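Quick note: the sequence shown uses the working numbering, first residue 91, plus one each step. C-beta: ideal position from N, C-alpha, C; glycine also. As the structure is a computational prediction, the values presented were derived from the model and not from experiment. Report on one structure; see the data block that follows.
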Amino acid sequence: MIEIRDVHKKLGSLEVLQGIDLTIQSGESIVIIGRSGSGKSVLLKHIIGLMLPDSGEILVDGVEITHLSHDERRQVRRRFGMLFQGAALFDSMTVEENVGLGLREHTRMSPEEVLAKVRACLDMVGLSGVEKMRPSSLSGGMKKRAALARAIAVEPEYVLYDEPTTGLDPITADAINELIRGLQQQLRVTSIVVTHDMASAFKVGDRIAMLHDGKVIFQGTPEETRRADDPEVKRFILGEATEAPFPPRHMEIAARRRTGVWRWLGR
Ligand SMILES: Nc1ncnc2c1ncn2[C@@H]1O[C@H](COP(=O)(O)OP(=O)(O)OP(=O)(O)O)[C@@H](O)[C@H]1O
Ligand SMILES: [Mg+2]
């Protein structure tokens, strides 16, 4: 179980997290939604101890992780697998080497054992035959799958997914959703999924939590989320803008500037 208690974090002059309270039960699949820049990736980095809060507590199975030493935090981090936003594979290594990275670093497995495990993980994510390729020659969906294989290779108890379906076609995205659900059920992992993609959120989440203005403003089952009264949650689900990003007059001026009409008019 992960307990996040009153976590605050300021980055630069921005108070990104302003008192986050969230409990994640073991074995569940929780989806964190929120607008771009609302602090979802920052929150994930706090959960795996890559960022430290200014104040507040984060407990992983009862152990408070923010006051641990660097080495102790690394130990805790080994229980987590993370699919970073944008995959974060190393282009200097082959797919096989990328997926086996954690195994080579953190286990005493022989090269043959690592290879067998890597193949099994690639197979699990439906990605075989690309072991020797570089990530730069894979498609976006294949990169996400390879990154997912790397995240699960170390047999984590918790898997964190940052935007696993963003930028993928609906069919590939759905295959990733099925994978997340499948891994949760087969490997009994706890999944924490950050996404903007509501189809994905409803499909993979046992529970959905929404971040807004640095706080968790809503949490509930997918059904409760669909019926939520909170205007911010409703707007997010329906994908409605609160207001135009620029007043129309500004847009007109910006457009004229771009086309050079403004200069031509001598203004
Ligand atoms: N290392 C950092 N240093 C300074 N500011 C940061 C850092 N990381 C994130 N931020 C800021 O924190 C805010 C939240 O960023 P974050 O990446 O968590 O957003 P997000 O909710 O994941 O957005 P998106 O949906 O676009 O991925 C942003 O304003 C961002 O500029
Ligand atoms: Mg993000």
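Beta-carbon contacts of residue i that lie in its chain and below 6 Å, excluding the five residues immediately before and after
i, result
"ARG357", "Low confidence applies here, because ARG357 scores a pLDDT of 45, under 50, leaving its location unreliable and the question unanswered by this model."
"GLU147", "ARG95 and GLU154"
"THR256", "none"
"ILE120", "ILE114, ILE282 and ARG297"
"PHE132", "It should be noted that the sequence gives Val, not Phe, for residue 132. Hits under 6 Å: VAL106."
Near ligand 1: residue i beta-carbon under 7 Å from a heavy atom
i, result
"GLY139", "no"
"HIS136", "no"
"VAL121", "no"
"HIS286", "yes"
"GLY124", "yes"
"LEU362", "Since the first residue shown for the chain is 91 and the last is 357, residue 362 is missing from the structure and cannot be characterised."
"MET127", "Looking at the sequence shown, residue 127 is not Met but Gly. Because some heavy atom of ligand 1 lies under 7 Å away, the Cβ of GLY127 counts as near it: yes."
"LEU112", "no"
Own chain, CB closer than 8 Å to residue i, minus 5 neighbours either side, in chain order
i, result
"LYS100", "VAL106 and ASP144"
"ARG169", "VAL150, PRO246, GLU247 and TYR248"
"GLN108", "HIS98, ASP303, GLY304 and LYS305"
"ALA178", "ALA237"
Exposure label - residue i; buried when at least 16 CB within 10 Å
i, result
"VAL268", "The question names Val, but residue 268 in the sequence shown is Glu. Its Cβ having fewer than 16 others within 10 Å, GLU268 is exposed."
"MET288", "buried"
"ILE94", "buried"
"GLY102", "exposed"
"THR311", "exposed"
"GLY295", "buried"
"ALA206", "exposed"
"ARG235", "buried"
"GLU186", "buried"
"MET91", "exposed"
"SER116", "exposed"
"ALA334", "Note on ALA334: pLDDT 49, under 50, position unreliable in the model; the coordinate value appears next. So ALA334 counts as exposed."
Residue i beta carbon near ligand 2 (any heavy atom closer than 7 Å)
i, result
"ASP252", "yes"
"SER290", "no"
"LYS130", "yes"
"GLN274", "no"
"GLN108", "no"
"GLN115", "no"
Cβ shell of residue i (< 7 Å), same chain only, five flanking positions each side left out
i, result
"CYS211", "VAL189, ALA239, ILE242 and ALA243"
**OP:** Taking 8 Å as the threshold, find out whether the segment 217-227 comes into contact with the segment 241-259 through three or more Cβ pairs.
**Re:** No, because fewer than three Cβ pairs between the segment 217-227 and the segment 241-259 fall closer than 8 Å, the two stretches do not touch.
Subject >> Complete beta strand (DSSP E) runs within the segment 97-143 (minimum length 3 residues, chain order) >> reply: Here the runs fully enclosed are 104-114 and 119-123.
**OP:** Report yes or no: do the segment 161-170 and the segment 260-277 share at least 3 C-beta pairs separated by less than 8 Å?
**Re:** Contact check between the segment 161-170 and the segment 260-277: fewer than three CB pairs, one atom from each, fall below 8 Å, which does not count as touching.
**OP:** Report yes or no: do the segment 271-280 and the segment 180-196 share at least 3 C-beta pairs separated by less than 8 Å?
**Re:** No contact exists between the segment 271-280 and the segment 180-196.
**OP:** Please list the segments of the beta strand (DSSP E) lying wholly inside the segment 259-295, counting only runs of 3 or more residues, in order along the chain.
**Re:** Here the runs fully enclosed are 280-284.
Original post:
At what residue ranges does the segment 134-207 contain a whole run of the beta strand (DSSP E), taking only runs of 3 or more?
Top reply: Counting only runs of 3 or more, we get 145-150 and 170-173.
Subject >> Touching by the beta-carbon criterion (3+ pairs, under 8 Å), the segment 225-233 and the segment 279-293 >> reply: No contact exists between the segment 225-233 and the segment 279-293.
Subject >> Start-end ranges of the alpha helix (DSSP H) lying completely within the segment 225-263, minimum 4 residues >> reply: 230-243, all fully within the segment 225-263.
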